Ligand code: URP
Ligand code: ZN
Ligand code: ZN
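Numbering (the working numbering), first residue to last: 204 to 682.
Laid out in structure tokens, this is it:
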């Protein structure tokens with residue numbers, strides 16, 4: 204079955220042009236002026252609309268077992284919600300428990316994800332270290348299309364990676380041509396501050412941001428960056444929420460280091476006053492790590508995105524319903540950490556980014572798909588409207604309006620952190636693997652249609668880094 208998208212403006216990261224697009228056999232087969240529809244084609248009238256690569260959310264946690272419960276959104280409901288919002292691929296995380304065999308965890312997550320309705324891939328977290336982990340990292344890169352490894356520098360007593368793990372895993376990543384990524388918060392400091400606050404009688408959600416100040420994030424980001432610098436490995440820092448971590452990234456980039464930064468739609472738009480909401484349920488619904496910050500940090504993050512020092516946007520979609528959040532009613536340390544947003548990332552970024560002039564449409568494409576595709580090595584298969592690319596496309600109506608609400612969204616969680624936000628600019632059609640899966644508010648998805656996307660190890664960064672390393676090697680002086 205083929206699809207002809209007619210009369211729209213194709214917006215890629217590098218340019219925009221008036222062009223029709225034909226999809227056939229799951230791929231984009233033609234991009235050009237006045238294309239004729241094959242006789243069996245579904246024709247989409249995209250007049251006055253933008254035709255963009257489907258979004259890639261490089262940071263989600265569907266059905267994650269975490270903090271004594273399991274995230275409410277599974278791979279089917281979560282990828283469905285993503286398609287309704289124009290996101291056609293997610294990169295989720297395999298997170299082995301302490302001492303859990305890495306391959307066993309990987310197989311478990313692959314099984315869970317089989318019901319996905321859109322394409323997906325996995326970062327794999329390194330939560331402990333021994334020779335088997337070293338070897339399994341090799342197996343994952345060589346045989347299973349994994350090219351990124353995650354390290355949680357927080358969550359002491361659970362999945363936290365200390366410096367020994369970071370050093371071993373970063374060095375191994377370099378050998379394999381994979382990119383290490385970090386959740387940057389100093390877990391020791393967070394643990395201590397949590398205890399101090401609780402002992403002082405601060406037991407409610409207002410204690411959450413107090414126990415995780417921006418300095419804890421800045422310290423960890425800088426530490427990971429400096430470890431990566433010494434080991435000469437690129438680094439990707441997930442969910443930067445504050446000026447301090449952005450400054451660490453900016454400084455390193457200015458020094459020529461290959462460091463990449465991600466920002467969440469929530470961190471750009473929601474401030475920390477929410478943790479002092481009188482209603483526990485509302486405050487707890489926003490408990491995530493790192494926490495939402497004051498507006499000073501939001502301004503800095505927008506500038507980071509505009510300047511290119513932050514390259515990707517994500518959601519860290521990790522949903523817990525009110526009854527799950529209630530586990531921390533008397534102790535903020537027990538509130539499961541996580542919020543949603545996979546359905547809304549594209550529209551809130553368009554409304555607050557493109558409509559305000561902070562981002563051009565091409566920059567919007569970069570930060571919602573192309574940069575993630577390039578950093579995680581699935582470009583130009585993903586993140587581009589071009590002949591031969593996967594037909595993962597969003598047709599964007601810049602005039603459409605909506606009020607975001609949990610009453611109308613498709614996310615499997617009882618709270619939406621963007622509740623009540625009015626946005627202009629929404630997807631009118633989403634095409635996944637060449638099939639129209641969302642059209643004018645109606646979903647037509649198929650359980651299990653999503654494919655696991657292999658991500659090969661890197662060539663370009665690593666070739667460049669190897670050359671630099673060779674040049675830097677001391678030359679023996681003949682006497
Ligand atoms: O609070 C969060 N972010 N929960 C999900 C796990 C993580 O840290 O990314
Ligand atoms: Zn995290
Ligand atoms: Zn996360």
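For each residue, glycine too, the CB sits at the ideal point set by N, CA and C. As the structure is a prediction and not an experimental result, all values here were calculated from the model.
Just mark residue i as buried or exposed, buried being the case when its beta carbon has 16 or more other beta carbons within 10 Å.
i           : result
residue 367 : exposed
residue 260 : buried
residue 217 : exposed
residue 353 : buried
residue 303 : exposed
residue 531 : buried
residue 395 : exposed
residue 220 : exposed
residue 585 : buried
residue 265 : buried
residue 496 : buried
residue 412 : buried
residue 493 : buried
residue 570 : buried
residue 215 : buried
residue 236 : exposed
residue 457 : exposed
residue 268 : exposed
residue 251 : exposed
residue 659 : exposed
My output table needs one value for residue i: the three-state DSSP class, helix, strand or coil.
i           : result
residue 245 : strand
residue 465 : strand
residue 618 : coil
residue 524 : coil
residue 331 : coil
residue 579 : coil
residue 563 : coil
residue 558 : coil
residue 428 : helix
residue 324 : strand
residue 502 : helix
residue 630 : strand
residue 635 : strand
residue 538 : coil
residue 435 : coil
residue 340 : helix
residue 217 : coil
residue 416 : coil
residue 387 : coil
residue 287 : helix
residue 358 : coil
residue 208 : strand
residue 518 : coil
residue 475 : helix
residue 297 : strand
residue 571 : helix
residue 353 : strand
residue 346 : helix
residue 282 : helix
residue 366 : helix
Could you tell me which residues DSSP pairs with residue i in its beta bridges?
i           : result
residue 492 : Partner(s): none; residue 492 has no beta bridge.
residue 404 : Paired residue(s): none; residue 404 is not in a bridge.
residue 268 : 273
residue 599 : 253 and 630
residue 641 : 633 and 646
residue 605 : 626
residue 226 : 206 and 231
residue 440 : 385 and 464
residue 258 : 290
residue 655 : 323
So, do the stretch 250 to 266 and the stretch 541 to 554 have three or more beta carbon pairs nearer to each other than 8 angstroms? Using a C-beta cut-off of 8 angstroms, the stretch 250 to 266 makes contact with the stretch 541 to 554, since at least three inter-stretch Cβ pairs fall below that distance.
The stretch 368 to 375 in contact with the stretch 426 to 443 per 3-pair CB rule at 8 angstroms: A contact exists between the stretch 368 to 375 and the stretch 426 to 443.
Going along the chain, which residues put their C-beta within less than 7 angstroms of some heavy atom in ligand 3? Having a Cβ closer than 7 angstroms to some heavy atom of ligand 3 are 262, 264, 296, 386, 441, 442, 519 and 521.
Can we say the stretch 509 to 518 touches the stretch 381 to 396, given the rule of at least three CB pairs closer than 8 angstroms? Segments in contact, no.
At least three beta-carbon pairs within less than 8 angstroms, the stretch 598 to 617 to the stretch 276 to 290: Enough Cβ pairs lie closer than 8 angstroms, so yes.
Would the stretch 571 to 591 and the stretch 636 to 645 be scored as touching if the rule is three or more Cβ pairs under 8 angstroms? Judged by Cβ distances under 8 angstroms, the stretch 571 to 591 makes no contact with the stretch 636 to 645, as fewer than three pairs qualify.
Check whether the stretch 628 to 635 touches the stretch 249 to 258, counting contact only when three or more Cβ pairs, one atom from each stretch, lie closer than 8 angstroms. Yes: at least three Cβ pairs fall under 8 angstroms.
Below 8 angstroms, how does it come out for the stretch 265 to 275 and the stretch 518 to 525: are there three or more Cβ pairs, yes or no? Output reads yes: the stretch 518 to 525 touches the stretch 265 to 275.
The stretch 397 to 412 touching the stretch 453 to 472, judged by at least three CB pairs closer than 8 angstroms: Verdict: no, contact absent.
For the stretch 291 to 308 and the stretch 325 to 338, state whether three or more C-beta atom pairs, one from each stretch, are separated by less than 8 angstroms. Contact holds between the stretch 291 to 308 and the stretch 325 to 338, because three or more Cβ pairs, one in each stretch, are under 8 angstroms apart.
Within 8 angstroms, do at least three Cβ pairs link the stretch 314 to 321 to the stretch 340 to 349? Verdict: no, contact absent.
Quick test of the definition: if touching needs 3 or more C-beta pairs under 8 angstroms, does the stretch 205 to 212 touch the stretch 222 to 229? Yes, the stretch 205 to 212 touches the stretch 222 to 229.
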